[in-house]
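First the structure, in the form of structure tokens, and then the observations on it.
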Amino acid sequence: MANATPTPGKLLLSPNDHILIMIDFQSQMSFATKSIDAVSLRNNAALISHAAAEFKVPTILTTVAEKSFSGPMFNEITDAFPGEKLLDRTSMNTWEDAAVIQRVNEIGKKRVVLAGLWTSVCIVGPALSALDQGYEVYIVTDACGDVSTEAHERAIERMIQAGSRPMTSLQYLLELQRDWARTETYDTTTGIAKKYGGAYGLGIIYAKTMFGGREDAHATGVGMATEAAAR
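Using our numbering, the first residue of the sequence shown is number 535, and each one after it goes up by one.
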């Protein structure tokens with residue numbers, strides 16, 4: 535019988551073991567996106583972008599036909615990575631673009647996290663291609679969108695069947711933090727959650743305002759009573 539140990543599972547993401555690739559978050563692509571509303575899409579894209587920037591996750595930003603057709607990438611994403619070069623492509627499949635793959639190889643991580651538009655084309659292509667080349671692939675499903683709910687859901691199912699692992703934007707942020715005793719990233723993580731974390735973010739604002747609550751109460755000496763009030 536195996537003995538349990540207080541260590542994280544190998545399937546959990548950490549800031550230093552993966553690449554985040556943000557694909558085609560552009561105006562023209564978003565106009566036809568119907569599986570998720572534009573406000574939620576932009577919010578979730580911003581959440582994972584700022585999470586990756588905070589935890590120094592190597593991130594690739596890529597667009598398709600930016601100047602001639604599809605328009606600029608959402609500023610919620612580019613604001614998180616000031617000065618980061620956008621890799622513009624002609625290929626619908628990001629994994630077929632030489633400049634993107636050169637950057638993937640330079641970074642040298644075997645895990646890839648994907649988010650973008652549209653799920654059935656611009657995410658399925660690199661997901662299946664990366665899996666075929668031995669990479670582990672994670673999909674932030676609520677930071678992807680498609681022309682219909684049917685198209686989005688069938689794309690997610692296809693990628694899961696091939697071996698991809700689905701997750702959500704808030705899950706991505708909290709998985710990178712994973713322990714509230716990590717005080718060096720506590721304030722930024724809760725700050726991102728307050729701004730982009732929906733009802734969870736409102737709960738943090740309430741707890742901090744009303745009780746001075748912190749999730750890392752034990753680590754900071756705030757005390758168990760305050761932690762209980764925060765929850």
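Don't be surprised by glycine CBs; every beta carbon is placed ideally from N, CA and C. Predicted, not measured: the structure shown is a model, and the values here were computed from it.
Cβ pair residue i, residue j closer than 8 Å
i, j, result
"residue 692", "residue 670", "no"
"residue 626", "residue 605", "no"
"residue 567", "residue 652", "yes"
"residue 728", "residue 735", "yes"
"residue 634", "residue 594", "yes"
"residue 581", "residue 710", "no"
"residue 611", "residue 661", "no"
Span of the alpha helix (DSSP H), counted from its first residue to its last, around residue i
i, result
"residue 622", "Taken as a continuous stretch (DSSP letters only), residue 622 belongs to no alpha helix (DSSP H), being part of the beta strand (DSSP E) at 620–623."
"residue 674", "Not the alpha helix (DSSP H): residue 674 falls in the beta strand (DSSP E), residues 670–674."
"residue 736", "732–745"
"residue 637", "632–641"
"residue 666", "658–666"
Expected contact under 8 Å - CB spacing of residue i and residue j to nearest Å
i, j, result
"residue 654", "residue 673", "Not really, about 12 Å apart at Cβ, beyond 8 Å."
N-terminal and C-terminal residue of the beta strand (DSSP E) that residue i is part of
i, result
"residue 646", "645–650"
"residue 688", "It is not in any beta strand (DSSP E) - residue 688 instead sits in the alpha helix (DSSP H) that spans 683–696."
"residue 616", "Element bounds for residue 616: n/a, residue is neither H nor E."
"residue 699", "699–701"
Residues that residue i bridges to, as DSSP identifies them
i, result
"residue 679", "651"
For this session: Give, in chain order, every unbroken run of the alpha helix (DSSP H) that is at least 4 residues long and sits entirely within the segment 538–612.
Result: 561–565, 572–588, 609–612
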